[in-house]
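In the numbering used here, the protein residues as written are 61 to 215.
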């Protein structure tokens, strides 16, 4: 089975579709076999986008970021899709709240995307990939959302 492709829509459009109410049932938005509910998934994606501006709580060792992480980034960017464990929380991030309403989690994601979109300075190091440009981060974030929420592309 091939990995989902990056949606043609930019990151901000994907976030807007969520906050506007997709109308699709939660199970149709989430990746098959996801262990998180929609709210947890949106919280995780919001953390990822926000931390690309403010800094991630923990980074992998510099040697990893310069070797395996850099290679993974190049592979993902060239194929237009990411592939990772969908229940892997960000190391050092606050735990995801399964009871948080999905609408609130979607609003947090929209806020994080707005912060990211308005950011003009250098971005924080990615915990695995290391240094990323704004364009690389935007593409990686969109791919990350597409992997966690493949049904969003069909809404």
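Where is the CB? At the ideal position from N, CA and C, for every residue including glycine.
Across which residues does DSSP place residue i in a beta bridge pair?
i: residue 186; result: 190
Per DSSP, what kind of secondary structure is residue i in: helix, strand or coil?
i: residue 159; result: coil
i: residue 116; result: coil
i: residue 154; result: coil
i: residue 209; result: coil
i: residue 203; result: helix
i: residue 62; result: Any reading at residue 62 must be qualified, since the residue scores a pLDDT of 44, below 50, and its modelled position is unreliable; the value itself is stated next. Residue 62 falls in the coil class under three-state DSSP.
Taking residue i as the reference, give the member of the options with the closest Cα.
i: residue 140; options: 201, 96, 117; result: 201
i: residue 182; options: 96, 126, 115, 163; result: 115
i: residue 123; options: 196, 189, 197; result: 189
i: residue 194; options: 179, 156, 187, 208; result: 179
i: residue 73; options: 144, 121, 166; result: 166
i: residue 153; options: 121, 110, 135; result: 110
i: residue 120; options: 151, 90, 92; result: 151
i: residue 118; options: 163, 208, 212, 186; result: 186
i: residue 147; options: 209, 164, 70; result: 209
i: residue 144; options: 207, 158, 77, 75; result: 207
i: residue 198; options: 90, 211, 177, 184; result: 177
i: residue 162; options: 125, 149, 87; result: 87
Which parts of the region 69–149 are runs of the alpha helix (DSSP H), unbroken and 4 residues or longer, counting only runs that do not cross its ends? The qualifying runs are 71–79, 86–89, 98–114, 130–139.
Across the region 189–206 and the region 129–148, are there enough close Cβ pairs to call them in contact, namely three or more that are closer than 8 Å? In short, these stretches touch, since the Cβ pair count reaches three.
With a threshold of 8 Å, are at least 3 pairs of Cβ atoms found where one atom belongs to the region 94–101 and the other to the region 117–131? These segments do not touch.
Say whether the region 152–171 touches the region 101–108, bearing in mind that this needs 3 or more beta-carbon pairs closer than 8 Å, one atom from each stretch. Counting Cβ pairs under 8 Å, three or more are found: they touch.
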